[in-house]
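Structure, as structure tokens:
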Amino acid sequence: MMEIANKYSPKDIEDKWYQAWIDAKVFKSTPDDREPFTIVIPPPNVTGVLHMGHMLNNTIQDVLIRRARMTGYNACWVPGTDHASIATEAKVVRMLREQGIKKSDLSRDEFLKHAFDWKDKYGGIILKQLRKLGASCDWDRTAFTMDPEYSESVLKVFVDLYDKGYIYRANRMVNWDPVAQTALSDEEVIFKDKDGLLYHVRYPIVGMEGEYITIATTRPETIIADTAVAVHPEDERYKHLHGKKIKIPIVNREVPLILDDYVEMEFGTGALKVTPAHDVNDYEIGIRHNLEVVGCLNADGTISDDMPVYVGMDRFAVRKQIAKDLDAAGYLVAKEPYKNSVGHSERTDAVIEPRLSLQWWLDMKKVAGPALEAVNSGDVELIPGKFINTYRHWMENVKDWCLSRQLWWGHQIPAYYIKDTEEHVVAINAEEALEKAKKKTGNAKLTAKDLIQDEDVLDTWASSWLWPISVFNGLTQAGNKDIEYYYPTQVLVTAPEILFFWVARMIIAGFEYMDERPFKHVYLTGIVRDKQRRKMSKSLGNSPDPLEMMAEKGADSVRMGMLFSSPAGNDLLFDESQVDQGMFFANKIWNAFRLIKSWETTDKKSSKREKLALTWMEAKISEVGVEIDKYFETFKLSEAIKTIYNLIWTDFCSWFLEAIKPDYGDPIPRETLEKTNELFEKLMMILHPFMPFLTEELYHLLEEREEGDFICLAQIPAFKKSRSKSLTDFELVKEVITGVRNFRASKQISPKEPIELFIKTADKKVFEKYEPILAKLLNTSTYDFVEEKVDGAGSLRVQTHEFFIPLTGVDIEAEKEKIIKEIEYQEGFLTKVQKKLANERFVNNAPEKVVALEKKKQADAEERLEVLRNSLAELG
RNA sequence: GGGCUCUUAGCUCAGUUGGUUCAGAGCACCUGCCUUACAAGCAGGGGGUCACUGGUUCGAGUCCAGUAGGGCCCACCA
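Shown next as structure tokens:
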């Protein structure tokens, strides 16, 4: 036979098979008669590179899709990328700056050209990297959220929602990112607890020399934009000031003292400075009291030109400066440390500035209904189920969605403003817009030049929420073959972090545009953390490089490492030793294969021993196969892989192979080898979704395959619950073998030294039947039955069976002691059972089955005690 | 502040509707083995008052209440 290395080396094998799969187009899916099993990838940012989170997420998807492919489904995994407007634009801006180009010097078209150049050159690297992992995507279907047809669907939806009256344009307080200089949705704001200061500042009362009112604020820099001071109407401390005017320090603006319930008397000094332009709550108060709105900040967070002071200074610099100035002028009363939560931009980490601006909004209440209902009713199932509460709460309190972003990279909002009017129209393109504009204004002379398209682009999620539909062109070619066949998809695998950003919105879009859920299951993965439970991140430097790790240890091992401990919804504490465990496993299988492959064959019939082992192993695979099916149904992949691991390592290698293994140099009957090969192949199929490369390699090394025959296309047999008696028999056999090995170890008898074994049992049958296996695995020179104890022998007991192994210098006292201990244990157990059975309420109330079981336990214990007492008596 | 959730062996986790000798698995650990598939291995072994307190029940790791300590989500605080 050919030489096979005694260590498995994944390096060349993995690339070889991936290329072979691609060449043979095995991942390609087209609609046919089979049931579809569809997964759409959560599209990574087009600029992204593979990190551990992707590894987990995509490993899970690949396992599910490969398993589906091997169990009769037409499996289709659609890959693609997201244009990720804000993240990508930030990256392009940075790249240009490094080349000495300022975004502000470029026109929109020039900028977009740079962006597309960049995307074409570097974009989608992550998809190449996914191939290393073994991702079995249908690459011909690779989609991008800014593909022409995809873009068309995004705009179409915007127009439709506008026409339905769900989209409106309004001037409102938004979350402003001063670094990216764009509005953000509420979901893009992350609140972080920050240690800050609470400044107590006294404002003079107009017309009351020497009298002040002291306010408390964390943002003294906005004092210059104050347009009122508010107190609670019932606050006795300030009743004498009702109706007075207050003078704002530094800017010397006179503002009213207003009364509002919003103010909490207990907080700070009970007096609140009101800055409608720079605080959400103050804005509301401003509306109630008809206050002037004075803005003091530019879009980039610096003080605006129309302020009398600090012009052009950054808001944080001003905070320090104004504190000094207030102090110098005698206005600063106190500074106290204060912890509050401050909103940060998800993408740039800039501190969010509430800012009044004109944006496009989607009235979420108009569209959220069916999506809430779908999850409530289980039509869409979240895994694990605990997320349903979070989802429900968000949906029931859903806020309007700010759709516009002040960026260039993305889908430009299809709204057109008509020159010299206050009017606008919304249309899929300029031509249609012109038609609509003519109609709307009644002016047939309008030309394209009279329309100005909105400068802003749409939020990224306003395109990715169509992903499961638009990757199949379900809106631009409604009712086409693909969308009819693949939609709805089966499962979405993603992180809980984007449950609202993306998942909820996809469900909304699914019902709004397909009248159907986009997916049946949502599998929510955990966060990949290190051993200290810290989130893996670039900045912490605690994340291994997935590509290096795969190159070094093999993608199969990394996949195993990821899945060993990652129940849905639980964080994965990643440790490279888990990858090593995967590597050891690969090597174990490799060596099991080497053993099988090394056997010469003979034409002799299978021996009794081999037949017994084969029967058992076959039954065992069925039994465990059923279990694994169940784990897949419930998405317990971690459990599934552990079960397979044990099936292969413990059952197949440690028990089965050891049982059939011929003596060194001896041949094995051909029919035994053939059956063994079949079993091995079956195990490789079950394992394949988890370790695709190794299993494909072994599938081909096992025998010559026809062209186009790949394990990844093979069908895993349907397993039926096996009730073969061999399963229970073999458990007893294993118990006896373990018992005797333990006996050997305690008596320091080497496994190489044959022993004489005498069995005293009331049930000889099973021991007669399994004699060949027991004799081999126990290395016996004598295997016989006795009616009495054997003199000069050590003993052990398994269930009610007793075993004697003659040896020199048996310590009778020690033997006795051992038996006495066993008697004590059994007596204790028996007493417990008897007590239970003596309890009338138990016997009357417990189900018959349970009572019968207790009676059986009692009988068994009594039987065992009898054996033990006899043995003790025999010892004298 | 509101809601959700978790606490089982040194670590990471299983444990279905309450009922088998039910207290489990993997890793780690200990002991003995370089036995011609594999030392990335083989064989054997020890280890837990199921967070705490109480309740329901014939019976609680499992159900209920409270306590302590984690985690998540939402809201929001001048």
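Numbering (our numbering), first residue to last: 539 to 1414.
Here a beta-carbon is modelled for each residue, glycine too, at the ideal position from N, C-alpha and C.
Predicted model, so just to flag it, every value in this text is computed and none were measured.
Ends of the beta strand (DSSP E) at residue i?
i	result
Pro794	Glu792 to Leu797
Glu919	Glu919 to Ile921
Ala708	Ile705 to Asp715
Gln1015	Where Gln1015 is concerned, there is no enclosing beta strand (DSSP E), given that its DSSP letter is neither H nor E.
Arg757	No beta strand (DSSP E) holds Arg757; DSSP gives it neither H nor E.
Thr979	First-last for Thr979: Ala968 to Thr979, but that is the alpha helix (DSSP H), not the beta strand (DSSP E).
His1059	Phe1057 to Leu1062
Val812	Ala809 to Val812
Ile990	Leu989 to Gln991
My understanding is that residue i touches residue j, with C-beta atoms under 8 Å, so please give their C-beta distance in whole angstroms.
i	j	result
Ile1249	Ile1166	That belief does not hold up - the Cβ atoms of Ile1249 and Ile1166 are roughly 17 Å apart, past 8 Å.
Tyr1061	Val1029	6 Å
Glu627	Trp947	4 Å
Val801	Val769	6 Å
Thr1063	Val1031	6 Å
His882	Lys1073	Their Cβ separation, rounded to whole angstroms, is 16 Å, which puts His882 and Lys1073 out of contact at 8 Å.
Val812	Ala766	4 Å
Val616	Val578	5 Å
Would you mind sorting residue i into buried or exposed? The rule is 16 or more other CB atoms within 10 Å of its CB.
i	result
Lys830	It should be noted that the sequence gives Glu, not Lys, for residue 830. Classification for Glu830: exposed.
Ser1288	exposed
Asn595	buried
Tyr1363	exposed
Gly907	exposed
Arg1055	buried
Gly591	buried
Tyr741	buried
Val1388	exposed
His1339	buried
Lys659	exposed
Tyr546	buried
Lys549	exposed
Asn713	buried
Ala982	exposed
Arg1402	buried
Asp1349	exposed
Lys1019	exposed
Ala975	buried
Ser1081	buried
Lys1091	buried
Lys1168	exposed
Ala1283	exposed
Phe854	exposed
Who pairs with residue i in a beta bridge, going by DSSP?
i	result
Ser1333	Phe1342
Asn612	Pro574
Trp999	Bridge partners of Trp999: none, in fact.
Ser1103	The partner list for Ser1103 (beta bridge, DSSP) is empty, contrary to what the question assumes.
Asn878	Lys732
Pro742	Tyr750
Leu1413	The partner list for Leu1413 (beta bridge, DSSP) is empty, contrary to what the question assumes.
Asp852	Thr840
Taking the alpha helix (DSSP H) that residue i falls in, what are its first and last residues?
i	result
Glu1378	Glu1378 to Asn1383
Ala1313	Glu1309 to Leu1316
Arg893	Element bounds for Arg893: not the alpha helix (DSSP H) but the beta strand (DSSP E), Glu891 to Leu900.
Val695	Pro686 to Asp701
Ala721	No alpha helix (DSSP H) holds Ala721; the beta strand (DSSP E) holding it covers Thr720 to Leu722.
Gln1028	Note, Gln1028: premise wrong, no alpha helix (DSSP H); beta strand (DSSP E) at Thr1027 to Thr1032.
Glu1294	Premise fails: Glu1294 lies in the beta strand (DSSP E), Ile1293 to Lys1298, not in any alpha helix (DSSP H).
Ile823	Val818 to His827
Arg1071	Segment: none, Arg1071 is in no alpha helix (DSSP H) and carries neither H nor E.
For residue i, is the beta carbon positioned less than 7 Å from some heavy atom of the ligand SAM?
i	result
Tyr800	No copy of the ligand SAM appears in this structure; indeed no ligand is present at all.
Every unbroken beta strand (DSSP E) within the segment 759 to 795, with a cutoff of 3 residues, ordered by chain: Runs found: 766 to 769 and 783 to 785.
Complete beta strand (DSSP E) runs within the segment 910 to 963 (minimum length 3 residues, chain order): Here the runs fully enclosed are 919 to 921 and 953 to 956.
Residue ranges of each alpha helix (DSSP H) within the segment 1133 to 1178, 4 or longer: Counting only unbroken stretches of 4 or more residues, the alpha helix (DSSP H) elements lying wholly within the segment 1133 to 1178 are 1146 to 1171, in sequence order.
Inside the segment 651 to 682 only - alpha helix (DSSP H) runs reaching at least 4 residues: List check, alpha helix (DSSP H) in window: 663 to 671.
Every unbroken alpha helix (DSSP H) within the segment 1201 to 1285, with a cutoff of 4 residues, ordered by chain: Runs found: 1208 to 1225, 1230 to 1240 and 1263 to 1285.
Ordered list of alpha helix (DSSP H) runs contained in the segment 1355 to 1408, each at least 4 residues: Those alpha helix (DSSP H) runs which fall completely within the segment 1355 to 1408 and span 4+ residues are 1378 to 1383.
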